[in-house]
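Chains as they are written, first to last, in full-length UniProt numbering: chain G, 1 to 158; chain U, 1 to 342. The next block holds one structure in the form of structure tokens; read it before the comments.
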């Protein structure tokens, strides 16, 4: 293998991003991934384990790891941390009762050293539901202002 | 080689019979050098003997142990604030003890150092345990709620408040039924207000929701009956006991349910987690206009998924012991909400 082909290969690798989707159960992680990929979202069972989707976007290849959020399997999230470039934390903006749970799990996750280099996206899902909290309110409730200043984070909603 | 070693052997130079002015000077220097070390402040190195160190160590350990037991046994809610400072004091004594071991480790046998460090780490662990017992974290509170069979008692609420950081934002309540007993609760949803609904902290109530909904959250019900029209999004049920649910939804999740029956129509596979004695049967609700509502919510077709339950606490191929299919002989047969009931 010549030098050129090695460089080409590295270049290609750099265009590959590993995105980890996590959040409490019932927040809509699988639905978001399928929706972005233009697939049918009418029959989605709660995720037992994980799904991987590869999506091409602007010359980038996004490998999206959608990991189940049920309490029992949250302890397995850490198996997916290695080499994660982007972390998407999905929040059910209408599940007001479990926002504390959501905050606890998020801040717990962000303590993880292996994720310290990953960009964070807070996805305030289910904005279309009456009574859902706005992204600004979600920012306040999850205490995102208190996050490590070195981390790049963004709040997003559909 | 051997001769060289003999020459450099310091014992040889200390031999009193071997006196040379240079060596006498060196001996003097050596003894002077030892002086400041011996005359150092006796407090910082009071032991120099393994036994006296060990007795001091076990003394401190015992006092920390008894402090921890006292903290654990204190149940008076008024003493919460002093308890916190007590626990902090214990944590400081543990780190002092750790420092003590580190300071004296130069003369201690390595076995003793190892055992002392083990003791310290077990002390730290029990401090952590006591702290989480006395000031339960969110996670622990959740588990203990389950044990109290769905009814949150007062002390738990207080603990919870202590634990929460000052909320920077007050979360509003969802529309819903909450905190009631022995009531029949009825609500009809019209097409325009397809919102979400929350049902929580009910005892011996009957809830009838007709029309289409977007999402339902159910939390802490005891001996209730819940009948609902189709839900376009998901239903989340947590901490229920002795209840009957008749639900149609795209997704259904059930956590911490005990001895309850679920009559479901569901597009995807329903899941249970931390449940026991739950039984499943097909949806059996009827009211005037339910066919239209089911069609509108894309739930008009029986998928048979009501029986395809995934138990997250039982990831084996054999049937989970936590749920079963409701025998037809025990089924309620059908539930009808009459217009006059609405």
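The beta carbon of each residue, even a glycine, is placed where N, CA and C say it ideally should be. Computed from a predicted structure; not experimentally measured.
- For residue 89 of chain U and chain G, any beta-carbon pair shorter than 8 angstroms? As a position in the second chain, residue 89 of chain U is number 89, starting the count at 1. Judged by the 8 angstroms Cβ criterion, residue 89 of chain U is not in contact with chain G.
- Query: Nearest to residue 72 of chain U by CA position, among U/54, U/103 and U/132, is which residue?
  - Reply: As a working note, residue 72 of chain U is residue 72 in the second chain. Taking only the C-alpha atoms, the option nearest residue 72 of chain U is U/132.
- Query: residue 141 of chain U by DSSP, collapsed to three states: which one?
  - Reply: Start at 1 with the first residue of the second chain, and residue 141 of chain U comes out as number 141. Residue confidence is low: residue 141 of chain U scores 47 on pLDDT, short of 50, so the model does not pin down where it sits. Its coordinate-derived value is still stated next. Three-state DSSP puts residue 141 of chain U in a helix.
- Task: Quickly, what does DSSP pair residue 343 of chain U with across the bridge? List them, please.
- Result: For chain U, the structure presents residues 1 to 342; residue 343 of chain U sits outside this window and is missing.
- Secondary structure at residue 327 of chain U, three-state DSSP: helix, strand or coil? Along the second chain, read from residue 1 onward, the residue named residue 327 of chain U stands at position 327. Looking at residue 327 of chain U - three-state DSSP - the assignment turns out to be coil, as it is neither helix nor strand.
- Message: Can you look up residue 173 of chain U in the DSSP assignment and give me helix, strand or coil?
- Response: As a working note, residue 173 of chain U is residue 173 in the second chain. In the structure shown, residue 173 of chain U sits in coil (DSSP, three-state: anything other than H, G, I, E or B).
- If contact means a Cβ-Cβ distance below 7 angstroms, which residues of the stretch 234-251 of chain U contact chain G? 234, 236 and 251
- Message: I want to see whether chain U comes within less than 8 angstroms of residue 75 of chain G, judged by CB atoms only; does it?
- Response: The count along the first chain starts at 1 and reaches residue 75 of chain G at position 75. No, residue 75 of chain G does not count as interfacial toward chain U.
- residue 53 of chain U versus chain G: which residues are under 8 angstroms apart at the beta carbon? The residue labelled residue 53 of chain U in the question sits at position 53 within the second chain. Going along chain G, no residue has its Cβ under 8 angstroms from residue 53 of chain U, so there is no contact; the nearest lies around 37 angstroms.
- How about the stretch 59-75 of chain G and the stretch 32-47 of chain G: do they share at least three Cβ pairs that are nearer than 8 angstroms? yes
- Separation of residue 307 of chain U from residue 265 of chain U, as counted between CA atoms: Counting from 1 along the second chain, the entry for residue 265 of chain U is found at position 265. Counting from 1 along the second chain, the entry for residue 307 of chain U is found at position 307. When rounded, the distance between both Cα atoms is 10 angstroms.
- Count the other C-beta atoms from every protein chain shown that fall within 10 angstroms of the C-beta of residue 177 of chain U, then say buried if there are 16 or more, exposed otherwise. Numbered from its first residue, the second chain carries residue 177 of chain U at position 177. Buried.
- Message: Below 8 angstroms on the Cβ atoms is my contact criterion, and I expect residue 252 of chain U with residue 278 of chain U to pass it. Report the Cβ-Cβ distance as a whole number of Å.
- Response: In the second chain, the residue the question calls residue 252 of chain U occupies position 252. In the second chain, the residue the question calls residue 278 of chain U occupies position 278. That belief does not hold up - the Cβ atoms of residue 252 of chain U and residue 278 of chain U are roughly 12 angstroms apart, past 8 angstroms.
- Taking only beta-carbon positions, decide if residue 51 of chain G is within less than 8 angstroms of chain U. Counting from 1 along the first chain, the entry for residue 51 of chain G is found at position 51. So, not an interface residue.
- Neighbourhood of residue 231 of chain U by C-beta distance below 6 angstroms, restricted to the same chain and skipping five residues each side: On the second chain, residue 231 of chain U is found 231 positions in, with the first residue counted as 1. The answer, listed in chain order, is 213, 216 and 249.
- How far does the beta strand (DSSP E) with residue 282 of chain U in it reach, from first residue to last? Sequence index remark: in the second chain, residue 282 of chain U carries index 282 (1-based). Counting along the chain, the beta strand (DSSP E) containing residue 282 of chain U begins and ends at 278-282.
- Interface flag, residue 313 of chain U vs chain G, CB-CB below 8 angstroms: As a first step, residue 313 of chain U is located in the second chain; it is residue number 313 there, counting from the start. So, interface residue.
- Task: Could you tell me the boundaries of the alpha helix (DSSP H) in which residue 135 of chain G lies?
- Result: Your numbering for residue 135 of chain G matches position 135 in the first chain. Taken as a continuous stretch (DSSP letters only), the alpha helix (DSSP H) holding residue 135 of chain G covers 135-141.
- Status (buried if at least 16 other CB within 10 Å, exposed otherwise) for residue 3 of chain G: By 1-based counting over the first chain, the position of residue 3 of chain G is 3. Label assigned to residue 3 of chain G: exposed.
- Query: What in chain B is Cβ-close to residue 131 of chain G, meaning under 7 angstroms?
  - Reply: Absence of chain B from the displayed structure is noted, the protein chains being G and U.
- Task: With 8 angstroms as the limit, tell me which residues of the stretch 34-67 of chain G have their beta carbon closer than that to any beta carbon of chain U; keep them in chain order.
- Result: 42, 43, 44, 45, 46 and 48
- Any C-beta of chain U sitting closer than 8 angstroms to the C-beta of residue 79 of chain G? Taking the first chain and counting its residues from 1, the one referred to as residue 79 of chain G is at position 79. So, not an interface residue.
- Segments assigned beta strand (DSSP E), at least 3 residues, entirely inside the stretch 177-248 of chain U: 184-188, 196-203, 206-210, 215-222 and 225-241
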